[in-house]
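Protein chains in written order, with UniProt numbering: chain A, 1 to 225; chain B, 1 to 225.
The structure appears below as structure tokens.
Protein chains: 2
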Amino acid sequence: MGTLALPPQATQVGLAVDIAAFAMHGGELQVLLVQRAELPHARDWALPGGFVQPGEALHEAALRELRTETTVELEPRHLEQFYTFGDPRRDPRGRIVSVAHLAVLGHGTVRVAGGGHTLGAAWFPAHRPPGLAFDHALILARALGRLQVRLEYANLALEFLPETFTLPELQKVYEAILNRPLDKRNFRKRLLAQGLLVASGERRSGVGRPAQLYRRAKGAKAATL
Amino acid sequence: MGTLALPPQATQVGLAVDIAAFAMHGGELQVLLVQRAELPHARDWALPGGFVQPGEALHEAALRELRTETTVELEPRHLEQFYTFGDPRRDPRGRIVSVAHLAVLGHGTVRVAGGGHTLGAAWFPAHRPPGLAFDHALILARALGRLQVRLEYANLALEFLPETFTLPELQKVYEAILNRPLDKRNFRKRLLAQGLLVASGERRSGVGRPAQLYRRAKGAKAATL
DNA sequence: GCAAAAGTGTTAAGGATACACCCATGA
DNA sequence: TCATGGGTGTATCCTTAACACTTTTGC
């Protein structure tokens with residue numbers, strides 16, 4: 001057997017992950033951003049992210065960065081890698097390649113605080129973010145596109161909501177992600193026809209007529225890949 | 001201004017690209033493989049690929065590796081990144097992260113030879129490849145899945161064919177990629193209804209009735225992203 | 001009883017599927 | 001004239017989109 005070391009032509013690069021983490025609140029789709037403490041782009045807002053550690057899988061790095069940079073309360077309900085940004089000049093510090101991830105944080109994951117080497121963390125409207133550091137505006141735009149595509153043929157919308165929810169609430173999730181209104185009757189027909197939802201019998205009261213509560217049907221699995 | 005060097009926590013990893021390059025011949029979808037000359041996995045077949053060089057964009061690295069390892073005759077008609085494989089143990093030599101690419105090589109790109117540090121290069125049936133080195137069987141499987149998805153809503157099938165082609169030829173491309181037969185009448189209706197093809201007036205003769213030749217309609221753009 | 005939000009059905013159009021025979025050419 | 005592959009049309013089903021009024025509750 002020969003030696004199993006990295007061959008000499010193996011260029012070493014900095015490997016990072018960035019995470020576009022979404023949640024619903026205030027009836028709007030929000031994205032989680034951190035305020036950078038260091039140069040370059042000090043005090044600018046950016047997607048949470050950082051360098052992958054030795055021996056760490058990519059999705060582990062994404063989870064760790066999310067936790068340490070933003071003090072989110074819950075585990076992401078969905079996490080997937082969606083594109084790798086490797087333009088040699090995307091970061092002025094040198095060659096840093098970023099594997100971008102899309103995360104969905106469930107209902108209630110609203111309180112965030114800066115952690116580690118950031119000045120803070122906060123939610124921003126996903127469809128009209130502030131100016132972002134590096135190429136993060138591009139990364140966010142692609143994450144939104146991916147989220148919209150996933151929504152259609154995975155039941156990803158459920159990940160934004162608590163265990164029980166009403167159909168109007170679910171529709172608001174769809175509308176916030178797609179950024180356009182949907183017809184109420186067609187929406188209900190389509191969702192119920194999929195058989196992924198079951199009525200829980202309870203009703204949620206508030207102003208107006210109380211709404212039927214639903215939960216994910218047994219055997220309906222979360223979307224992966 | 002502060003210094004703009006890589007921060008100390010930036011783990012350096014080996015960054016590679018691997019390419020699943022497809023073409024049609026013999027009425028079958030084929031994938032281009034190279035035979036490894038070096039350990040690990042010496043003499044095993046693998047996807048062409050290699051390390052990204054400093055200052056080189058990811059797609060440039062993919063193009064370069066394709067050229068130097070396999071002596072293909074033509075530029076790829078389509079090239080896109082589709083997933084990044086970063087399991088810390090995917091390569092016994094150390095931490096090597098691979099950005100996997102999907103390539104379509106046009107008609108006529110059939111003659112290949114090994115180049116650089118490979119023992120050879122050859123085409124294999126994409127749906128039943130030989131045993132592959134590293135995690136390349138997984139990468140190939142995902143590339144096939146992506147190719148099938150792309151086929152539907154991009155006019156990617158045209159990239160497999162010469163400038164003019166017949167509808168039966170185009171149908172064979174679809175069938176080879178989807179790995180199932182399609183109805184001739186429905187296929188023709190659907191493709192012609194899209195308005196992406198125009199008859200060239202010429203006909204191609206052979207055994208049986210000559211077939212109408214088509215070409216891509218002006219203004220029909222190649223699929224990207 | 002009024003404001004506010006939930007819930008409900010039908011129609012029309014377009015797209016997808018299933019299916020069998022005739023046509024043009026070369027040998 | 002026969003073998004070979006190219007070319008054509010229709011009926012059905014399903015999915016999607018458009019569209020307005022009634023019901024239930026809290027105040």
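Note that CB positions come from ideal geometry on N, CA and C, so glycine has one too.
With DSSP as the reference, label residue i as helix, strand or coil.
{"i": "B/A101", "result": "Looking at the sequence provided, one finds His at residue 101 of chain B rather than Ala. B/H101 falls in the strand class under three-state DSSP."}
{"i": "A/T68", "result": "helix"}
{"i": "A/G14", "result": "strand"}
{"i": "B/V52", "result": "coil"}
{"i": "A/R146", "result": "helix"}
{"i": "B/Q81", "result": "strand"}
{"i": "A/A133", "result": "coil"}
{"i": "A/R204", "result": "strand"}
{"i": "B/A61", "result": "helix"}
{"i": "B/L178", "result": "helix"}
{"i": "B/Q30", "result": "strand"}
{"i": "A/Q9", "result": "coil"}
{"i": "A/Q35", "result": "strand"}
{"i": "B/R215", "result": "strand"}
{"i": "A/F121", "result": "Checking the sequence, you will find Ala at residue 121 of chain A rather than Phe. If DSSP states are grouped into helix, strand and coil, A/A121 belongs with the strands."}
Just the C-alpha distance for residue i and residue j, rounded to the nearest angstrom, thanks.
{"i": "B/V97", "j": "B/A141", "result": "18 Å"}
{"i": "A/Q53", "j": "B/I139", "result": "23 Å"}
{"i": "A/A122", "j": "B/T70", "result": "49 Å"}
{"i": "B/N155", "j": "A/G219", "result": "36 Å"}
{"i": "A/V149", "j": "B/L191", "result": "24 Å"}
{"i": "B/V112", "j": "B/P48", "result": "12 Å"}
{"i": "B/K184", "j": "B/A176", "result": "14 Å"}
{"i": "A/R216", "j": "B/T11", "result": "41 Å"}
{"i": "A/A222", "j": "A/E202", "result": "Unreliable positioning characterises A/A222 in this predicted model, as indicated by a pLDDT of 49, which lies under 50. The coordinate reading is nonetheless provided below. In a straight line, the C-alpha of A/A222 is about 24 Å away from that of A/E202."}
{"i": "A/P7", "j": "B/Y83", "result": "23 Å"}
{"i": "A/R67", "j": "A/L15", "result": "19 Å"}
{"i": "A/E152", "j": "B/D87", "result": "29 Å"}
{"i": "B/A211", "j": "A/R146", "result": "41 Å"}
{"i": "B/L39", "j": "B/A193", "result": "52 Å"}
{"i": "B/V13", "j": "A/L58", "result": "12 Å"}
{"i": "B/V72", "j": "B/A5", "result": "39 Å"}
{"i": "A/L182", "j": "B/R95", "result": "47 Å"}
{"i": "B/L197", "j": "B/H117", "result": "42 Å"}
{"i": "A/R188", "j": "B/K189", "result": "33 Å"}
For residue i, does the count of other Cβ atoms within 10 angstroms reach 16, so buried, or fall short, so exposed?
{"i": "B/V17", "result": "buried"}
{"i": "B/N186", "result": "exposed"}
{"i": "B/Q9", "result": "exposed"}
{"i": "B/P76", "result": "buried"}
{"i": "B/P195", "result": "The identity of residue 195 of chain B in the sequence shown is Gly, whereas the question assumes Pro. It counts as exposed."}
{"i": "A/E56", "result": "buried"}
{"i": "A/V34", "result": "buried"}
{"i": "A/E80", "result": "buried"}
{"i": "A/A23", "result": "buried"}
{"i": "A/A46", "result": "buried"}
{"i": "A/L74", "result": "exposed"}
{"i": "A/R206", "result": "Checking the displayed sequence, the identity of residue 206 of chain A turns out to be Gly instead of Arg. A/G206 is exposed by the Cβ-count criterion."}
{"i": "A/L225", "result": "Because the pLDDT at A/L225 is just 41, under 50, the model does not fix this residue reliably, and the value given afterwards should be weighed accordingly. So A/L225 ends up on the exposed side."}
{"i": "A/A119", "result": "With the sequence shown as reference, residue 119 of chain A is identified as Leu, and Ala is not the correct amino acid for it. Its Cβ having fewer than 16 others within 10 Å, A/L119 is exposed."}
With a cut-off of 8 Å on the beta carbons, I'd call residue i and residue j a contact; round off their distance for me.
{"i": "A/E159", "j": "A/H78", "result": "5 Å"}
{"i": "B/D135", "j": "B/R90", "result": "5 Å"}
{"i": "A/A37", "j": "A/L102", "result": "Rounded, the Cβ-Cβ distance is 25 Å, inconsistent with contact."}
{"i": "A/N179", "j": "A/H127", "result": "6 Å"}
{"i": "A/A100", "j": "A/F85", "result": "6 Å"}
{"i": "B/G50", "j": "B/E65", "result": "5 Å"}
{"i": "A/A133", "j": "A/D44", "result": "4 Å"}
{"i": "A/P125", "j": "A/Q30", "result": "6 Å"}
Going by alpha carbons, who is nearest to residue i out of the options?
{"i": "A/G208", "options": "A/R190, A/L192 and A/P168", "result": "A/P168"}
{"i": "A/Q171", "options": "A/Y214, A/A57 and A/G131", "result": "A/Y214"}
{"i": "B/L144", "options": "B/V104, B/G131 and B/T164", "result": "B/V104"}
{"i": "A/E163", "options": "A/R188, A/A199 and A/A137", "result": "A/A199"}
{"i": "B/V173", "options": "B/E28, B/T68 and B/Y153", "result": "B/E28"}
{"i": "A/A137", "options": "A/L32, A/V13, A/L15 and A/P88", "result": "A/L32"}
{"i": "A/F165", "options": "A/R188, A/P181, A/R204 and A/K189", "result": "A/R204"}
{"i": "B/L161", "options": "B/K189, B/V72 and B/H25", "result": "B/H25"}
Report yes if the C-beta of residue i is less than 8 Å from at least one heavy atom of the ligand NAD; otherwise report no.
{"i": "A/E202", "result": "The ligand NAD is absent from the structure shown, which contains no ligand whatsoever."}
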